[in-house]
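Residue numbers (the numbering used here): 836 to 936.
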Amino acid sequence: MMNFSNSGYRKCAEFTLPSAEEVFTCMRGRVPFVIRGGAERWVAKTKWTWDYFQKKSGHHIIKVFRSSNGKDNKYISIGDYIDYIKYADEPDLCMAVFTLF
Numbered sequence: 836m837m838n839f840s841n842s843g844y845r846k847c848a849e850f851t852l853p854s855a856e857e858v859f860t861c862m863r864g865r866v867p868f869v870i871r872g873g874a875e876r877w878v879a880k881t882k883w884t885w886d887y888f889q890k891k892s893g894h895h896i897i898k899v900f901r902s903s904n905g906k907d908n909k910y911i912s913i914g915d916y917i918d919y920i921k922y923a924d925e926p927d928l929c930m931a932v933f934t935l936f
């Protein structure tokens with residue numbers, strides 16, 4: 836981990852479940868801050884699984900490509916794309932997705 840003590844960077848304020856006033860005070864003073872545990876009770880942490888996205892959006896067709904020039908476009912369903920990510924022995928991590936909807 837980097838040591839910023841003598842680098843001219845300001846130390847971040849750290850909060851666990853801060854009040855609105857604490858957040859606004861930091862924002863007004865342009866003080867950087869970190870909220871620890873802020874997403875602990877966020878429903879998406881458990882709800883947003885591969886299966887969830889396949890059921891909700893798997894039928895949508897998306898455009899993907901593998902090369903840096905984007906000339907090898909192809910269209911696949913989100914469900915097939917998720918299967919590819921989940922089950923490919925060595926998924927092509929360079930595969931990119933255009934705007935979904």
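Positions of the beta carbon are idealized from the N, C-alpha and C atoms, including for glycine. Remember, predicted model here, so these are calculated numbers, not experimental data.
Here the C-alpha atom of residue 862 lies approximately 17 Å from the C-alpha atom of residue 873.
Burial is judged here by how many other beta carbons sit within 10 angstroms of a residue's own beta carbon; residue 916 has at least 16 and is buried. In this structure, residue 849 places its C-beta atom within 8 Å of the C-beta atom of residue 869.
Its Cα nearest to that of residue 898, the residue 908 stands out among 871, 889, 908. Contact annotation, residue 895 with residue 913: C-beta distance approximately 5 Å; criterion of less than 8 Å satisfied. Take the alpha-carbon of residue 887 and the one of residue 900: they are about 24 Å apart. Residue 910 is bridged by DSSP to 898.
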